[in-house]
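**Student:** One structure, as structure tokens, below. Some questions next.
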Amino acid sequence: ETGVTQTPRHLVMGMTNKKSLKCEQHLGHNAMYWYKQSAKKPLELMFVYNFKEQTENNSVPSRFSPECPNSSHLFLHLHTLQPEDSALYLCASSPDGSSGANVLTFGAGSRLTVL
Amino acid sequence: GQNIDQPTEMTATEGAIVQINCTYQTSGFNGLFWYQQHAGEAPTFLSYNVLDGLEEKGRFSSFLSRSKGYSYLLLKELQMKDSASYLCAVRDRDYKLSFGAGTTVTVRA
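Read top to bottom, the protein sequences are chains A and B. Counting in this note's numbering, the first sequence runs from 15 upward without gaps. Counting in this note's numbering, the second sequence runs from 901 upward without gaps.
This is the structure we're talking about:
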């Protein structure tokens, strides 16, 4: 399998549930990202990992907890979410995290609905 | 923060040309990207501009003017499959990539 794969594609959870989103890339990239995409709004950068180290946390609430065990895998652990957290969560990867021409390759996203 | 503006929606006829404008105000500049996103799918890379001028890639071209903080994506010979959202994104001096809200293009027969 090639590219960036995200699972699950769709997730419905209650506000007291704990769930995780998974992202896997087969491109040999060293940087991975989580973005939040809400309707009619710009993509919001949440977290950046470069060589497994977190290099950016864009003031994301602690109910979102990222984990990057290696350069190929990225998780987003979710707990006690709010209905306004319902959105499409996109994972992306790039060769590295600090060059101008760095092109991001995105996964198809995980559509999250919080009831 | 960064400010990236692009029109919300555009409609055009199959075979026509559409130009999607993007204006930006960022702290420093390290390149501008255009991505295409079909409904329910991943955004895919279309073009990258870092120097002023026009970059042509088949039916798609992208233009950049750094002094004006302005770019456009030109789609020629429109096809039905070009109906999608087009995202403008700018990398600032810290290499942080910020996106506009996207322009939904609808191609009609």
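Glycine included, C-beta positions come from ideal geometry on N, C-alpha and C. Small disclaimer: the values here were computed from a predicted structure and weren't measured.
What residue from A/Q68, A/N84, A/S100 and A/K66 has the CA that sits closest to A/V26's CA?
**Tutor:** By one-based count along the first sequence, residue 26 of chain A stands at place 12. Nearest C-alpha to A/V26: A/S100.
**Student:** How is the beta strand (DSSP E) around B/Y924 delimited, first residue to last?
**Tutor:** Walking along the second sequence from the start, residue 924 of chain B turns up at place 24. Element bounds for B/Y924: V918 to Q925.
**Student:** Am I right that B/G1000 and A/P56 are in contact with their C-beta atoms under 8 Å? What's the rounded C-beta distance?
**Tutor:** By one-based count along the second sequence, residue 1000 of chain B stands at place 100. By one-based count along the first sequence, residue 56 of chain A stands at place 42. Right, their Cβ atoms sit about 6 Å apart.
**Student:** Quick one: what does DSSP say A/P80 is sitting in, helix, strand or coil?
**Tutor:** If you number the first sequence from 1, residue 80 of chain A lands on position 66. The answer is strand: DSSP assigns A/P80 an E or B state.
**Student:** What three-state label does DSSP hand B/D1063 in the structure shown?
**Tutor:** Summary: the structure shown does not reach residue 1063 of chain B, with chain B confined to residues 901 through 1009, and so no result is reported for it.
**Student:** Tell me the residue span of the beta strand (DSSP E) that contains A/L129.
**Tutor:** Here residue 129 of chain A refers to the residue found at position 115 of the first sequence. Per DSSP, A/L129 belongs to no beta strand (DSSP E) and is neither H nor E.
**Student:** Could you work out which residues of chain A lie near B/G1000, taking near to mean beta carbons separated by less than 7 Å?
**Tutor:** Numbered from its first residue, the second sequence carries residue 1000 of chain B at position 100. Chain-ordered, the chain A residues with CB closer than 7 Å to the CB of B/G1000 read P56.
**Student:** Say whether chain C places a C-beta atom closer than 8 Å to the C-beta of A/A122.
**Tutor:** In the structure shown, chain C does not exist; the protein chains are A and B.
**Student:** How is the beta strand (DSSP E) around A/K33 delimited, first residue to last?
**Tutor:** The residue given as residue 33 of chain A occupies position 19 in the first sequence. Under the DSSP assignment, A/K33 falls in the beta strand (DSSP E) whose first and last residues are K32 to Q39.
**Student:** In whole angstroms, what is the alpha-carbon distance linking B/T1003 and B/N903?
**Tutor:** By 1-based counting over the second sequence, the position of residue 1003 of chain B is 103. By 1-based counting over the second sequence, the position of residue 903 of chain B is 3. Whole-angstrom Cα-Cα distance: 15 Å.
**Student:** Please say whether A/M29 and A/Y95 have beta carbons closer to each other than 8 Å?
**Tutor:** Here residue 95 of chain A is taken as the residue at index 81 of the first sequence, counted from 1. Here residue 29 of chain A is taken as the residue at index 15 of the first sequence, counted from 1. Contrary to the premise, residue 95 of chain A reads as Leu rather than Tyr in this sequence. The answer is yes: Cβ separation under 8 Å.
**Student:** Could you tell me how far apart the beta carbons of B/Q936 and B/C922 are, in whole angstroms, since I believe they sit closer than 8 Å?
**Tutor:** Position 36 of the second sequence, counted from the first residue, corresponds to residue 936 of chain B. Position 22 of the second sequence, counted from the first residue, corresponds to residue 922 of chain B. So it is not a contact: roughly 14 Å between Cβ atoms.
**Student:** Compare the C-beta of A/A101 against all C-beta atoms of chain B and say whether one is closer than 8 Å.
**Tutor:** The residue labelled residue 101 of chain A in the question sits at position 87 within the first sequence. Taking Cβ atoms only, chain B never reaches closer than 8 Å to A/A101, which makes this a no.
**Student:** Of the residues that make up the region 941–970 of chain B, which ones have a beta carbon closer than 8 Å to any beta carbon in chain A?
**Tutor:** E941, A942, P943, T944, F945, Y948 and V950
**Student:** Buried or exposed for B/S947, please, with buried defined as at least 16 other CB atoms from any protein chain shown within 10 angstroms of its CB.
**Tutor:** Here residue 947 of chain B refers to the residue found at position 47 when the second sequence is read from its first residue. Answer is buried; the Cβ neighbour count reaches 16.
**Student:** Under 8 Å, do A/N44 and A/F61 count as touching if we go by C-beta distance?
**Tutor:** Within the first sequence, the letter at position 30 stands for residue 44 of chain A. Within the first sequence, the letter at position 47 stands for residue 61 of chain A. No, Cβ-Cβ distance for A/N44 and A/F61 is not below 8 Å.
**Student:** Please tell me whether A/A115 has its Cβ less than 8 Å away from any Cβ of chain B.
**Tutor:** For this step, residue 115 of chain A is matched to residue 101 along the first sequence. Cβ-Cβ to chain B under 8 Å: yes for A/A115.
**Student:** How long is the line joining the alpha carbons of B/E955 and B/V990, rounded to whole angstroms?
**Tutor:** The sequence position of residue 955 of chain B within the second sequence is 55, counting from 1. The sequence position of residue 990 of chain B within the second sequence is 90, counting from 1. The straight-line gap from Cα to Cα measures roughly 16 Å.
**Student:** Please classify A/L92 as buried or exposed, where buried requires at least 16 other C-beta atoms within 10 Å of its C-beta.
**Tutor:** On the first sequence, residue 92 of chain A is found 78 positions in, with the first residue counted as 1. Buried, since its Cβ has 16 or more Cβ neighbours within 10 Å.
**Student:** B/Y995 touches chain A at which residues, Cβ-Cβ below 8 Å?
**Tutor:** Taking the second sequence and counting its residues from 1, one reaches residue 995 of chain B at position 95. The contacting residues are G111, S112, S113, G114 and N116.
**Student:** Output the boundary residues of the beta strand (DSSP E) element that contains A/A115.
**Tutor:** Indexing the first sequence from 1 puts residue 115 of chain A at position 101. Element bounds for A/A115: n/a, residue is neither H nor E.
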